[in-house]
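First the structure, in the form of structure tokens, and then the observations on it.
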Amino acid sequence: MEMTQAILLTVATAATPLLIAAIGELVVERSGVLNLGVEGMMIMGAVTAFAVAQLTGSAWLGMFAAILAGAAFSALFGFLTLTLVTNQVASGLALTILGLGASAMIGESFVGLPGVRLEPIHIPYLTELPLVGRFLFGQDPIFYLSILLVAGVAWFLFRTRAGLTLRAIGDNHGSAHALGVHVIRTRYLAVLFGGACAGLAGAQLSLVYVPQWVENMTAGRGWIALALVVFASWRPWRVLIGAYLFGAVTIGQLHTQALGFGLPSQFLSSLPYLATILVLVLISRNRRLTMMNTPTSLGKPFVPDR
Amino acid sequence: MKKMLLALAAVASFALSGAAHAQEEKLKVGFIYIGPPGDFGWTYQHDQGRKALEAALGDKVETTYLENVPEGSDAERSIERLARAGNKLIFTTSFGYMDATIKVAKKFPDVKFEHATGYKTAENVSVYNSRFYEGRYIQGQIAAKMSKAGVAGYIGSVPIPEVVQGINSFMLGAQSVNPDFKVKIIWVNSWFDPGKEADTAKALIDQGVDIITQHTDSTAAMQVAAERGIKAFGQASDMIKFGPETQLTSIVDEWGPYYIERAKAVLDGTWKSQNIFHGMHEGLVVMAPYTNMPDDVKKMAEETQAKITSGEFKPFTGPIKKQDGSEWLKEGETADDKAILGMNFYIAGIDDKLPK
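These protein sequence lines map, in sequence, to chains A and B.
Numbered by the working numbering, the letters in the first sequence go through residues 1 to 306 in order.
Numbered by the working numbering, the letters in the second sequence go through residues 307 to 662 in order.
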């Protein structure tokens, strides 16, 4: 039974960075902006978190620095696409390439150093509960933050006026502008939020998941997060389902391999992608509802007429 | 008159020293890397070799490298760029650069090329490869001695001969100590994904292994093993910093001496195309210090290492049966290099199926 809990913990650790990065990107895309730079912002977060934690000895400071770094990096994207109205796809890709390069440069002197771990919380009695104690009450702070983020974003988007405005901008920025809504300002805030989330996701990688710095350690997780947003048809709780499903199948296939059933490992390695796409497509199979959830202005440039 | 002679002598000596300088023009050496030097694994070790070359030959050489060069048409362009820039010796350090290296070498007959882990040579192309599996045999012996569960976890990258050699050699070592020793193998299907490597280590430990060995490039598995309080082997570089109480030893790829030797050969004009498959004997495979084990295990490891280094013992020595029970090597027979380089089967005693 301890094994079940251990597997649950591994799944949570694997799913959390995807979840955080995806939930940030979800808000960005709901506002009508497509930021393909998630991978770049994430790796900047990872290197910043590691470097700051290493220099100050505090993982917490590292985490906050990563959030700021992610937001700052996304501000660059915001300036390019919102103020200068450059192509969002190209700018996002550029952001990823820049992030991978810049992080390698910043991190050069940190290669081969053991990192500072963001310790899991411990609540007397509760954490020691059998079966679920460590899963519910003994994880690292970023895990709890990730769940709060999903709940917070779901509440914000569908239960608040500001969230309604943001969705309206994503659906039709022209009409929103005509109604006197600050399209550019709202989008800037959304982009910054997305960057902060990607930074936090990176911090989880280099402070919790594998407390070390190596170049390119995100290894494509930013892209998986981007795909999750689309396949979850821009719904926060579905992103959570998708991220955990992806994590669960990833870990599950590793266990299957270790049990030695002799299934081809290449097939098993591709299973997380197949399973996640399949399930999320099934959830979103109602085409009309999915259309309703798709931000219609996604990726389109906006220049306010005067 | 005397003064004139002195002046003449001075001029002559000046001219001579000038000529000597011209002869001592630096040898430019180029490197092509598959990954970043900051991976702390494969590319990191090649870069350490490059640095060792600079340290040893000082101002006689000048090195440059191109990192993150994908295998394919990009590789050809990058190698050609180094050749055009005046590099007279170029190391291409990944298997997938093989055809590109041969192609570029044809265009630059006066440039010497060295390709790692391949098999195609030419007049001006050498191939160098490493017998990493020799270290795996020792690791297998240590694992069988140290494991209480009698089962080790093996993190594989991709099922190519180089990795299969390692698994088989590891198991041969383990079986020499405990014939019933078991191994659980998980393929990550990637050389480098620290997160997934950590997940894999966790999965193996959750399934009851108490020793981890890896053939992937990052230090993630070592960290997980340290966290869970079990023992592990490092890979490619000495990872003791990531598990001071965890690492038993690590196979370290020591490319430096080879790079120095080859650069010297070009400087002397003695460079010849060759195809080498070096191991402990030549100092290409080095074991990190044996740590976190009792003295008798350490002694056994050192003895095996000495035997392999001297050439007295070869890991792939019969009798060895294949997984399906058929005979591979007869008593006393040793595997030739061709069989080793193309290894695509498991030996008996491995319960898993090799992905094709």
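Yeah, the Cβ is synthetic: ideal placement off N, Cα and C, and Gly gets one too.
Since this is a predicted model, take the numbers as computed values, not measurements.
Top-ranked residue by Cα proximity to residue i, from the options
i        : options                                   : result
Ile371/B : Thr398/B, Asp642/B and Asp365/B           : The question names Ile, but residue 371/B is Tyr in the sequence shown. The option with the nearest alpha carbon to Tyr371/B is Thr398/B.
Ile123/A : Leu136/A, Gly163/A and Leu113/A           : Leu136/A
Ala219/A : Lys334/B, Gly341/B and Glu331/B           : Gly341/B
Gln204/A : Tyr125/A, Lys300/A and Thr13/A            : Thr13/A
Ala480/B : His584/B, Thr525/B, Ile448/B and Tyr596/B : Ile448/B
Leu207/A : Leu259/A, Leu36/A, Asp140/A and Val38/A   : Asp140/A
Gly378/B : Arg534/B, Gln541/B and Thr407/B           : Thr407/B
Phe498/B : Arg356/B, Ile511/B and Asp345/B           : Asp345/B
Thr48/A  : Leu179/A, Asp305/A, Gly32/A and Gly99/A   : Gly99/A
Leu19/A  : Ala178/A, Ile147/A, Pro295/A and Val214/A : Ile147/A
Gly101/A : Glu373/B, Pro415/B and Leu395/B           : Glu373/B
Leu8/A   : Ala248/A, Gln266/A, Val181/A and Glu108/A : Ala248/A
Ala504/B : Gly180/A, Ser109/A and Pro211/A           : Pro211/A
Asp643/B : Gln354/B, Lys604/B, Phe583/B and Gln611/B : Phe583/B
Val183/A : Ile169/A, Val191/A, Leu192/A and Ala196/A : Ile169/A
Glu588/B : Val483/B, Asn435/B, Glu468/B and Asp574/B : Asn435/B
Leu80/A  : Gly70/A, Ala69/A and Gly92/A              : Gly92/A
Leu166/A : Val281/A, Tyr188/A and Pro114/A           : Tyr188/A
Distance, residue j Cα to residue i Cα
i        : j        : result
Asn495/B : Ile251/A : 14 Å
Arg288/A : Asp523/B : 47 Å
Val27/A  : Thr56/A  : 32 Å
Ala455/B : Tyr273/A : 34 Å
Phe622/B : Ala641/B : 6 Å
Val89/A  : Pro301/A : 11 Å
Ala325/B : Lys412/B : Its pLDDT being 43, under 50, Ala325/B is placed unreliably in this model, and the value from its coordinates should be taken loosely. Whole-angstrom Cα-Cα distance: 32 Å.
Asp486/B : Gly655/B : 8 Å
Arg387/B : Asp601/B : 52 Å
Phe64/A  : Glu331/B : 52 Å
Thr506/B : Val303/A : 49 Å
Ala227/A : Ile277/A : 9 Å
Phe261/A : Met649/B : 22 Å
Gly78/A  : Ala94/A  : 13 Å
Phe158/A : Val214/A : 39 Å
Leu61/A  : Tyr443/B : 44 Å
Pro415/B : Ala428/B : 10 Å
Thr256/A : Gly462/B : 15 Å
Val52/A  : Glu633/B : 57 Å
Phe110/A : Arg161/A : 45 Å
Which of helix, strand or coil DSSP assigns to residue i
i        : result
Thr576/B : coil
Asn663/B : Residue 663/B cannot be examined here, being either before or after the span of chain B that is shown, 307 to 662.
Leu179/A : coil
Ile396/B : strand
Met593/B : strand
Gln139/A : coil
Tyr273/A : helix
Pro130/A : coil
Asp559/B : strand
Trp237/A : helix
Thr218/A : coil
Lys685/B : In this structure chain B extends from 307 to 662, so residue 685/B is not present and cannot be described.
Ile23/A  : helix
Phe231/A : helix
Tyr371/B : strand
Leu333/B : strand
Gln351/B : helix
Ile338/B : strand
Asn293/A : helix
Gln513/B : coil
Ile566/B : helix
Ile653/B : strand
Met3/A   : helix
Val279/A : helix
Residue i Cβ short of 8 Å to the ligand PLP heavy atom set
i        : result
Ala480/B : The model on display carries no ligand, and the ligand PLP is accordingly not part of it.
For residue j and residue i, believed in contact at Cβ under 8 Å, the rounded distance
i        : j        : result
Lys627/B : Ile653/B : 7 Å
Thr555/B : Ala526/B : 18 Å between Cβ atoms; not a contact.
Gly624/B : Lys613/B : The pair is not a contact, with the Cβ atoms about 17 Å apart (cut-off 8 Å).
Gly174/A : Gly24/A  : Wrong, their Cβ atoms sit about 26 Å apart, outside the cutoff.
Lys394/B : Val572/B : 6 Å
Lys547/B : Gly163/A : Actually they are not in contact, since the Cβ atoms of Lys547/B and Gly163/A sit about 47 Å apart, beyond 8 Å.
Gln445/B : Phe337/B : With a Cβ gap of about 29 Å, Gln445/B and Phe337/B do not count as contacting.
Beta strand (DSSP E) runs wholly inside the stretch 476-502 of chain B, at least 3 long, in chain order: 488-493
Continuous alpha helix (DSSP H) assignments of at least 4 residues falling wholly in the stretch 411-470 of chain B: 439-452
Beta strand (DSSP E) segments (min. 3 residues) lying fully within the stretch 591-634 of chain B: 591-593
Those runs of the beta strand (DSSP E) which lie wholly inside the stretch 526-561 of chain B and span at least 3 residues: 537-542 and 553-559
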